[in-house]
Each structure stands twice: as structure tokens, then as C-alpha cells.
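Using this note's numbering, read the sequence shown as starting at -7 and increasing by one per residue.
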Amino acid sequence: MTDATRFGPYGGRFVPETLMAALAELDEAYRTILPSAAFQQEMEYYLHEYAGRETPLTFCRNMSADLGCRVYLKREDLLHSGAHKLNNALGQALLTRLMGKERIIAETGAGQHGV
């Protein structure tokens, strides 16, 4: 990972030294695979078929009238998992598969990322 991944004088990361090689490999694969049209197409497929994307925008007529501006809600609650967290898990799984990995360990935050 380069200095471009840092922010401000105190930005950066703390990672145990034993993980540095794996992170460098992941960073290189991410930068190579992400711009690929094939990756983007496959990711779009999984987001549609497994997550339920795209979710609709809902116009809030009463709230808009009260506030004097147009208000829309992005209905992330309509995703199949009920939250946006599946987006991250699908992307991580696809990236690791394209890297030729057979296992993945994902952060589970609220218990849904690792689904």
C-alpha cells in the first residue's frame, strides 16, 4: 500500500508484521482487478441476484412539503439482507476468488459482513 492510502499527519494503519505480505498481495490484486470490465460485470450480477440491487428512491411528499425541498429516501432496507453490509462481503468474496484463494476471513461488525 502506498502513501496514497494515508490521510493527514496521523493517518495510516496498524497491522501485525505477519500480515504485511498478505496485505501487499491484496492491494496489488485489488488495483489490478477492480478496473476490469469482467470484474465489474460479475460484481453487478451478484449485487443484483444476491443483494437485491438496485434499490429504489422513494419520494417523500409530506416531508418535502414540510422542509421546502425535495426529499428522497434510498431504500437500503429493501436489500435481501436488510442492510448494505452484503455489498462488502460479496466484493471481498469475488476478489479473493479471482486471486485464486480458497478461504476468506471477513470482518463481521454487526454479525452480517461474514455472511
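Glycine residues also receive a C-beta, built at the ideal position from the N, C-alpha and C atoms.
Quantities reported herein were computed from a predicted structural model and do not represent experimental measurements.
What is the rounded straight-line gap between the Cα of residue i and the Cα of residue j?
i          : j          : result
residue 52 : residue 75 : 21 Å
residue 23 : residue 46 : 25 Å
residue 97 : residue 83 : 13 Å
residue 89 : residue 95 : 9 Å
residue 2  : residue 20 : 24 Å
residue 80 : residue 38 : 11 Å
Tell me which residues share the same chain as residue i and place their Cβ nearer than 7 Å to its Cβ, disregarding the 5 neighbours each side in the sequence.
i          : result
residue 44 : 70, 71, 72
Secondary structure at residue i, three-state DSSP: helix, strand or coil?
i           : result
residue 107 : Reliability of the predicted coordinates at residue 107 is poor, the pLDDT of 49 falling under 50, and the value obtained from them is presented with this limitation in mind. Residue 107 falls in the coil class under three-state DSSP.
residue 64  : strand
residue 71  : coil
By the DSSP assignment, the alpha helix (DSSP H) with residue i in it spans what residues?
i          : result
residue 88 : 77 to 90
residue 59 : 53 to 59
residue 15 : 12 to 25
residue 37 : 29 to 38
Would you please state the rounded distance, in angstroms, between the beta carbons of residue i and residue j? I believe it to be under 8 Å.
i          : j          : result
residue 66 : residue 78 : Contact flag wrong, Cβ pair sits at about 15 Å.
Going by beta carbon distance, what residues of the same chain come within less than 6 Å of residue i, once the five residues before and after it are set aside?
i          : result
residue 64 : 49, 51
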